[in-house]
Amino acid sequence: MKQFVAREHEIEPVPGLPGLLPEGEEMLWQGRPSARLVARHVLKNRWIAGYFVVLGVWALIGGLYDGRPLAGIVFSVAVLTALAAVVLGLLELFAFAVEKTTLYTITSRRVVLRFGVAFSMTLNLPFTQVNAVSIGKLGGKAGSIAIQLLPGHRMSWLVQWPHVRAWRLAEPEPGQICLADASAVADILVLAITQHAALASGHASLTQKAAPQRRLPPAIAAAE
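So in my numbering, spot 117 of the sequence shown is number 147, and the numbers just go up one at a time.
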């Protein structure tokens with residue numbers, strides 16, 4: 031899938047795209063993941079916070095049970111609290127960086143994922159290589175969208191993380207994660223794919239008013 035990946039885009043003629051759109055191709059949507067949703071659903075900050083709370087309670091109860099001085103117990107809890115603050119702060123910082131360095135684009139012919147906190151890259155996914163689209167709800171309108179590619183068109187799961195469906199290591203599915211209104215974006219994407227397929231088949235009479243036929247696989251694992 032090397033032909034779909036670009037690593038150098040410091041100078042973008044169009045934000046989020048590696049080049050100008052070809053004639054006849056239209057931009058339909060652009061957006062970013064929500065840092066708050068990334069921290070909660072991808073980095074699991076609430077679970078980590080809960081883990082430190084359990085450690086703090088354990089240190090308190092254990093210290094009292096062992097008869098340790100109150101000052102020593104307070105010190106232990108304070109150290110755990112400080113460590114928790116550092117860890118959670120780093121997670122929030124990373125989530126913020128993910129939001130600021132990511133830009134998802136849907137055009138009339140493809141999906142473009144520009145991402146990378148340390149090393150930036152652009153993943154170009156033509157509709158002709160898309161096999162299926164799935165959506166996972168994260169509560170309310172929020173959710174993540176995964177794109178299953180045709181066999182033979184894939185790249186490393188680790189390279190795409192966190193912009194990839196969770197636990198699909200053998201068959202990685204790139205995606206648009208932690209969107210504030212995933213259903214609306216999925217409608218745009220599915221309609222664009224449907225129209226592109228119809229035009230490719232010679233059915234150019236299909237209009238924007240045609241209802242998209244959404245056949246979505248099971249929810250994205252990362253949404254759990």
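Virtual Cβ for every residue (Gly too), placed ideally from N, Cα, C.
### Message
Spatial neighbours of Glu122 within its chain, please: C-beta separation below 6 Å, excluding the five flanking residues on both sides.
### Response
Ala69
### Message
Give me, in chain order, the residues of the same chain whose beta-carbon lies closer than 7 Å to that of Glu201; leave out the 5 immediate sequence neighbours on both sides.
### Response
Arg184
### Query
Can you name, in chain order, every residue of its own chain whose Cβ lies under 6 Å from the Cβ of Gly61, other than the five neighbours on each side?
Tyr134
### Query
By a C-beta neighbour count over all protein chains shown, 10 Å radius and 16 as the cutoff for buried, is Gly146 buried or exposed?
buried
### Task
Answer yes or no: do Leu188 and Asn161 have a C-beta to C-beta separation smaller than 7 Å?
no
### Message
For Trp59, report the span of its beta strand (DSSP E) as first-last.
### Response
Met57 to Gly61
### Message
Taking 8 Å as the cut-off, does the stretch 168 to 182 touch the stretch 206 to 219 (at least 3 CB pairs, one atom from each stretch)?
### Response
yes
### Task
Could you say which of Ser138, Leu118, Ala216 and Val215 lies nearest to Glu53 if we only look at CA atoms?
Ser138
### Query
Can Gly12 and Ile103 be called in contact, C-beta distance under 7 Å?
Here the chain comprises residues numbered 31 to 254, so residue 12 is not present and cannot be evaluated.
### Distance CB(Ala227)-CB(Ile165) smaller than 7 Å
no
### For Ala89, the nearest candidate out of Ala214, Val220, Ala108 and His71 (CA to CA)
Ala108
### Query
Pick from Arg198, Leu67, Glu55 and Thr224: whose alpha carbon is nearest that of Asp211?
Leu67
### Message
What residue range does the beta strand (DSSP E) around Gly166 cover?
### Response
Val160 to Gly169
### Task
Would you list, in sequence order, the uninterrupted alpha helix (DSSP H) runs of no fewer than 4 residues that lie entirely inside the stretch 184 to 215?
187 to 190
### Task
Give the secondary structure of Arg66 by DSSP, where H, G and I count as helix, E and B as strand, and everything else as coil.
helix
### beta strand (DSSP E) segment containing Phe145, residue limits
Arg140 to Phe145
### Message
For Thr137, list the residues DSSP reports as bridge partners.
### Response
Met57
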